[in-house]
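**Q**
In the numbering used here, the protein residues as written are 1 to 179.
#1: Is residue 65 closer than 8 Å to residue 51 when the C-beta atoms are compared?
#2: Going by Cα to Cα distance, which pick from 77, 157, 123, 20 is closest to residue 6?
#3: Rank 153, 165, 79, 137 by C-alpha distance to the C-alpha of residue 120 and give the top, closest one.
#4: Helix, strand or coil: which one does DSSP assign to residue 83?
#5: Alpha carbon to alpha carbon, what distance is there between residue 130 and residue 17?
#6: Quick one, are the C-beta atoms of residue 175 and residue 142 less than 8 Å apart?
#7: From the DSSP output, in three-state form, read off residue 104 for me.
#8: Look at the alpha carbon of residue 182 and the alpha carbon of residue 22, and state the distance between them as a whole number of angstroms.
#9: Excluding five sequence neighbours on each side, which residues of the same chain lie with their C-beta closer than 6 Å to the C-beta of residue 113?
#10: Could you spell out where the alpha helix (DSSP H) holding residue 19 opens and where it closes?
#11: Quick check on the burial criterion: 16 or more other C-beta atoms within 10 angstroms. Buried or exposed for residue 171?
#12: Beta carbon of residue 58, beta carbon of residue 115: below 8 Å?
#13: Got a sec, what are the start and stop residues for the alpha helix (DSSP H) residue 122 sits in?
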């Protein structure tokens, strides 16, 4: 029952994202090349961030992606604990999703991390940076609790939280990391 409910929520979130993307004649988000700055202010590397039509769309998509990560993570845990109960009553579509959880969560995590540059722009004032907490927490805890080899994702979350602290959001480490 719980497994089916989570699978249905996941499908609903995916459908919502697809619907949002098809409701407009222009993309909801797109790649945007940014210069990563060193401490001295000299561009070090070029990164591709995701840019959005507006802050509302940025929040909608980053939060949908975070909820999808949480649903997939919980589905994965249930499948590991109760494989005999789950696989028998599951549709083939949901079984396929389960086999690709790690790959899907990586893609979604990268999308969330790539969205942070948009949300942390100075013109977003407090609204953008403050809306990063929940998506970052979902990404960080997915890979931290798995003791994953995805140290680059964990490092990305830590760097973003450091930037949030620099912007004056002193509670960011407690909210995102739980520390």
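Virtual Cβ for every residue (Gly too), placed ideally from N, Cα, C.
**A** Taking the definition as stated:
#1: no
#2: 77
#3: 165
#4: helix
#5: 22 Å
#6: no
#7: helix
#8: Nothing about residue 182 can be read from this structure; the chain reaches only from 1 to 179.
#9: 156
#10: 2 to 22
#11: exposed
#12: yes
#13: Counting along the chain, residue 122 falls outside any alpha helix (DSSP H), and DSSP gives it neither H nor E.
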